[in-house]
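Residue numbers (our numbering), protein chains in the order written: chain Y, 176 to 479; chain P, 87 to 438; chain R, 2 to 351.
All C-beta atoms in this analysis are idealised placements derived from N, C-alpha and C, irrespective of residue type, glycine included.
First up is the structure itself, then whatever we jot down about it.
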Amino acid sequence: MEQLIATTLRTSAPIALVALGGVIAWRAGIFHLGLEGLMVIGAFFAVAGTVATGEVLIGLLAAIVACLIASALFWVVIVPMRANAIIAGLGLSIIGVGATSYLLPVLYGKRGILEVDQGLWRPITGVQAGIAGALSELSVMVWLIPAFVLVVWVLVRRTSWGLRLAAVGEHPFAARSAGVDPARMRLVALLACGVLCALGGAALSLGSIVAFRENMTEGRGYIAFTAVIFGGGGPIGAAVASLFFGFAEAVGIQTQLVARDLPVPSQFILMLPYILTIVAVFISGLAAGGRSRLPGAFGELRDG
Amino acid sequence: MSSTPSRRSRRILSGGLTAGLLATSLVAAPIAAQDAPDPMTCAGKNVAFASVQPRGDQSVVDGTYDGLERTKAELGVANTTFVEALDPAAYEAVLTNLAAAGNNVVMGNFFGMTEPLKAVAPQFPDVHFVHIYGDPTDPVIENLRTVSYNYYQAAYLAGIVAAAVSETGTIGFEAGMYLPGINADYWAFKAGAETVNPEIQVLAGEVGSFSDDVKAKEVVSAIISQGADVIFSDGPTVGAIDAAVEKGAFILHGTPSLIARSPEIVVGVPLVSFGESVFDETTAACAEDWTGGHQASGLTDGAIGFYIADEFRAAGDPAVVAKVDGVLEQVEAARAGIISGELEVPFVTDNP
Amino acid sequence: MSARMARLGPVGRSVALVVASILLVSAVLTLSGFSVLTVANGMWQGAVSAPGAWQMSFRWGAPLFLVAIGVAIALRAGFFNIGGLGQFYVGATAALFVGLGLPGLPAIVVLPLACLAAMAAGALFAFIPGWLRVRYGTDEVITTLMSNFIGTLWLQYVTAVLLKDPSGTGQQTATRPVEEAYRIANVQGVSPVTVGILVAAAILVWLLLERTPFGITSAIAGRNPVMARWQGLRLERVGLLAFLLSGALAGLAGAIEVFGPQGRLVSGFSPQLGFTAVLVAIVGGLNVGGIVLAAAFFGGLQAALLYLPIVTPLPPSALDLLRGTIALLITVTSLSALGRALGRRRARSD
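Encoded structure:
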């Protein structure tokens with residue numbers, strides 16, 4: 176039980192951070208499939224920065240700077256140069272995984288893994304037993320998730336910037352006539368998204384196994400993207416959806432161990448999260464009224 | 087020229103067996119069937135290796151790469167090419183490219199290469215092919231040598247130590263995926279453990295990947311939280327070690343370069359040393375009188391090994407070290423039995 | 002679209018952007034100490050000039066072409082089917098079931114049956130996201146993305162359990178091979194039968210898109226669904242048909258793999274196929290002719306990737322950089338807007 180909670184939280188935290196970034200992009204009308212790439216870039220530079228300086232905070236900073244640069248480039252391609260955001264986003268993801276794998280041998284002369292001797296700070300220490308013991312394994316990033324959710328929620332729902340952002344996403348033409356520059360709003364949104372992806376990547380590489388491994392995101396960025404849609408495009412929904420994915424993984428692991436005589440091949444158990452996602456997207460689509468295409472879903476940004 | 091096997095034995099054994107055990111193993115190490123050729127025959131030749139898994143695992147593939155590189159320095163091989171053939175649909179194409187590019191020796195690894203090697207080798211009769219970790223072909227192909235490794239036998243020995251160390255009566259097995267070869271390790275591990283404690287519980291967990299250390303950490307954490315206190319890692323190792331350290335469990339893994347990460351918990355090292363094999367097979371394949379056929383490598387010739395690391399002896403809790411030492415005699419008896427053929431380790435490829 | 006890019010035409014635009022991507026990645030390789038000339042020479046040899054090289058380019062281009070025209074059919078109707086990989090795997094396994102399940106029958110019976118089974122399975126696998134999309138508005142990008150993971154696990158189940166090859170010590174995760182008599186090509190993949198299937202598929206899809214009501218309707222629906230609805234077009238039916246065709250073509254590609262170059266199935270083969278096929282469809286401008294050229298290019302790239310390690314110890318991820326950069330840039334439609342944006346900034350700072 177304790178382990179179920181710990182696994183759920185530790186698995187969902189990086190996904191939730193990236194999904195919060197995805198929410199901001201989403202509200203600006205961008206269907207962001209580059210989250211995977213940004214996440215792996217964040218994971219790599221968090222470790223690289225920590226290795227270079229011995230300071231975890233500098234590692235985090237390096238991750239943020241790298242993701243800001245990548246996000247700005249992505250903006251240049253999809254906004255001024257009007258590339259299709261879905262294709263370009265997939266491209267960003269491939270580049271992110273490829274570039275970090277490429278940098279390992281080029282910078283460090285090694286393949287596969289970059290180890291680091293310290294990870295993120297863990298707030299609970301000195302307990303072994305029970306629930307507190309399980310929670311003591313969690314990094315500060317996990318504990319900060321509610322704060323991040325709150326900040327993003329306030330930002331998109333309670334500030335005039337959030338209103339303008341939604342206007343850009345939903346009615347870019349109207350936004351422009353109201354004096355809002357959609358291109359500029361999208362740049363800011365993508366940069367904010369980049370910061371959150373950097374933290375999500377760091378939560379993975381410095382908060383879980385304390386090392387960077389080639390392609391260590393293993394599709395978690397796409398899961399985060401799914402959480403954005405699953406959660407209906409809002410920060411709370413995205414966080415809950417991320418929690419659900421973490422929970423599904425934790426349950427999947429526990430099921431293997433507890434229900435050992437299950438007459439179901441392991442491949443079918445591993446399929447469950449993906450099938451559940453399809454079901455969830457189906458239901459949330461129905462709840463949202465369905466039928467109409469999601470904003471920016473075809474990857475063509477509308478700017479009026 | 088018996089220097090090759092003895093060097094290999096040394097490396098396996100340098101892990102810290104006592105002098106008496108060393109003697110046992112040396113006595114019980116009859117040398118590979120063929121005569122070692124004159125190393126000079128490799129001079130100026132080209133050797134290529136197609137690996138179905140990428141480098142960077144700190145383990146079997148990196149070892150393979152090191153073994154290949156060593157042939158340049160020590161055997162005078164002119165050129166070595168190491169190719170990561172990561173798409174199973176492309177194995178034949180990669181082997182064909184390597185053979186057509188003028189390599190004298192072309193090697194491939196693991197079971198996925200079985201059919202591709204069978205298809206490509208006859209097309210290049212002048213090239214010597216070697217299959218590292220593969221089944222024998224029937225009929226024998228003249229220019230294809232297959233080498234099998236009975237890693238599950240090392241898992242059996244690991245099971246003995248795991249059961250001896252366990253206080254809870256429950257031990258764990260981390261599988262990258264439930265593939266037949268991995269499953270065989272599970273059943274052997276369990277059988278070994280049952281010789282010490284017939285009531286022992288073995289919990290198996292599948293990660294679903296051989297590279298996702300993040301998920302591996304969660305899987306192993308779950309196994310430990312279900313009561314297992316010793317883990318055999320047959321999947322992503324970094325994540326497994328991390329979980330064991332955090333939860334205070336012991337671990338058996340075959341990645342010497344990762345022992346230093348947590349020497350105090352590594353109660354045993356079930357090892358397969360492909361690097362030595364690649365080096366030896368290259369040496370053999372350079373010879374004119376080399377022929378195809380099969381070699382079953384294993385505990386006998388030291389390609390598979392199981393040892394207790396010096397680092398663990400130095401850093402481990404003396405009480406646990408004593409427990410491990412307490413079953414070493416049994417481990418060595420089993421090792422000798424396996425080598426002599428008196429002890430047959432069950433080979434089962436069903437899912438756990 | 003800016004005037005300058007428009008003047009290039011769609012073909013020129015694709016070529017220009019691919020060349021730009023190649024130049025960018027070349028710069029990265031040079032900066033990290035690799036000789037671009039050596040790499041380029043190795044790629045040329047691997048894709049074209051070395052013995053058997055062009056056959057290899059064809060071998061990798063063939064499945065890309067089939068999956069990509071499927072992607073194009075769906076995209077022209079306004080749907081993003083990125084589930085090509087899953088549909089390809091499911092099709093391949095269906096073909097293999099027929100190939101192994103009817104022993105002794107002549108190839109002329111088994112092969113068409115297997116191809117039909119593969120197309121039906123691929124279509125069925127695409128039907129689910131397609132139906133959810135047109136009937137309930139469930140976003141197809143996500144459902145098809147998820148279906149890839151499901152198809153991959155299904156293939157693993159078939160290769161490791163259902164049709165596993167029990168030979169040797171039984172440690173392979175590959176299926177039993179199909180009979181030699183059923184093989185339509187050797188490992189090089191070029192044979193009259195495979196070429197014939199590809200040419201037939203190309204002609205049929207071209208006719209479908211350019212000369213039938215379906216093609217016209219789907220083009221209108223894809224460009225302007227509101228207008229199409231006003232004109233009384235049955236978008237559901239057109240959309241669903243596009244999904245089915247898309248899945249069927251991917252399934253057919255799977256059947257060709259089974260009876261052609263592979264002769265069996267191995268867990269996790271061609272993992273990049275689905276994504277690369279989307280690129281091929283877009284680089285090819287969603288036209289059959291363009292997709293032929295784009296598939297040839299990406300097939301050549303794949304052949305070159307396999308040959309390259311013989312020439313230079315380049316990390317394999319370098320080719321991911323190239324593929325990713327092409328994806329990032331290929332849909333760029335406007336350079337002058339970039340110029341304008343920069344100009345505006347300059348004007349503002351003045």
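Is the shortest distance between the beta-carbon of residue i and the beta-carbons of chain R less than 8 angstroms?
i: Gly-183/P; result: First, the residue type needs correcting, since residue 183/P is Asn and not Gly in the sequence shown. Taking Cβ atoms only, chain R reaches closer than 8 angstroms to Asn-183/P, which makes this a yes.
i: Pro-438/Y; result: no
i: Gly-266/Y; result: yes
i: Glu-178/P; result: yes
i: Leu-461/Y; result: yes
i: Pro-555/Y; result: Lying before the first or after the last residue shown, residue 555/Y is absent from chain Y, which here runs from 176 to 479.
i: Leu-445/Y; result: yes
i: Tyr-283/Y; result: no
Looking only at C-alpha atoms, which of the options sits nearest to residue i?
i: Phe-80/R; options: Gly-53/R, Leu-32/R, Ala-222/R and Ala-21/R; result: Ala-222/R
i: Leu-235/Y; options: Val-439/Y, Val-433/Y and Val-315/Y; result: Val-315/Y
i: Leu-315/R; options: Val-146/P, Glu-170/P and Gly-153/P; result: Glu-170/P
i: Ala-319/R; options: Pro-107/R, Ile-109/R and Gly-34/R; result: Gly-34/R
i: Asn-229/P; options: Asp-375/P, Gln-239/P and Tyr-393/P; result: Asp-375/P
i: Leu-461/Y; options: Ala-41/R, Pro-107/R, Ala-124/R and Arg-134/R; result: Arg-134/R
i: Gln-139/P; options: Gly-294/P, Tyr-151/P and Glu-415/P; result: Tyr-151/P
i: Ile-217/R; options: Ala-161/R, Val-239/R and Ile-204/R; result: Val-239/R
i: Cys-242/Y; options: Met-256/Y, Ile-270/Y and Val-454/Y; result: Ile-270/Y
i: Val-251/P; options: Ala-405/P, Pro-266/P and Val-431/P; result: Ala-405/P
i: Ile-458/Y; options: Tyr-158/R, Thr-139/R, Pro-272/R and Pro-178/R; result: Thr-139/R
i: Thr-176/R; options: Ile-185/R, Gly-291/R and Val-162/R; result: Val-162/R
Just verifying my parser: in three-state terms, what is the DSSP assignment at residue i?
i: Gly-204/Y; result: coil
i: Tyr-90/R; result: helix
i: Asp-320/P; result: strand
i: Thr-182/Y; result: helix
i: Met-391/Y; result: coil
i: Ala-134/P; result: strand
i: Pro-280/Y; result: helix
i: Ile-444/Y; result: helix
i: Lys-285/Y; result: coil
i: Phe-210/P; result: coil
i: Phe-196/P; result: coil
i: Leu-172/P; result: coil
i: Phe-150/R; result: helix
i: Phe-80/R; result: coil
Assuming residue i and residue j are in contact, meaning their beta carbons sit under 8 angstroms apart, how far apart are those beta carbons, in whole angstroms?
i: Thr-392/Y; j: Glu-211/Y; result: 6 angstroms
i: Leu-289/Y; j: Val-222/Y; result: 5 angstroms
i: Ile-83/R; j: Thr-145/R; result: 5 angstroms
i: Ala-69/R; j: Val-281/R; result: 4 angstroms
i: Glu-258/R; j: Pro-64/R; result: 6 angstroms
i: Ser-36/R; j: Gly-286/R; result: About 33 angstroms separates the two Cβ atoms, so there is no contact after all.
Are any of the Cβ atoms in chain Y nearer than 8 angstroms to that of residue i?
i: Gln-88/R; result: no
i: Asp-143/P; result: yes
i: Tyr-264/P; result: yes
i: Pro-113/R; result: no
i: Ala-122/R; result: no
Quick one: does residue i have its CB under 8 angstroms from some CB of chain P?
i: Thr-275/Y; result: no
i: Arg-297/Y; result: no
Measuring only from the beta carbon, is residue i closer than 7 angstroms to any heavy atom that is part of the ligand GDP?
i: Leu-161/P; result: Inclusion of the ligand GDP in the displayed structure is not the case, the ligand content being empty and no account of it being possible.
Indicate whether at least one CB of chain B lies closer than 8 angstroms to the CB of residue i.
i: Gly-294/P; result: Annotation note: the requested chain B is absent from the structure, which comprises protein chains Y, P and R.
The region 317 to 327 of chain R in contact with the region 20 to 37 of chain R per 3-pair CB rule at 8 angstroms | yes
Check whether the region 240 to 256 of chain P touches the region 271 to 286 of chain P, counting contact only when three or more Cβ pairs, one atom from each stretch, lie closer than 8 angstroms.
-> yes
Answer yes if the region 303 to 323 of chain Y comes into contact with the region 177 to 192 of chain Y, meaning at least three C-beta pairs across the two stretches below 8 angstroms, and no otherwise.
-> yes
Counting pairs of beta carbons, one from the region 216 to 234 of chain P and one from the region 294 to 308 of chain P, are three or more of them closer than 8 angstroms?
-> no
When the Cβ atoms of the region 178 to 190 of chain R are set against those of the region 47 to 63 of chain R, are three or more pairs found closer than 8 angstroms?
-> yes
Does the region 324 to 332 of chain P come within contact of the region 356 to 366 of chain P, defined as at least 3 CB pairs closer than 8 angstroms?
-> no
Is it true that the region 350 to 369 of chain Y meets the region 194 to 213 of chain Y, where meeting means three or more beta-carbon pairs spaced less than 8 angstroms apart?
-> yes
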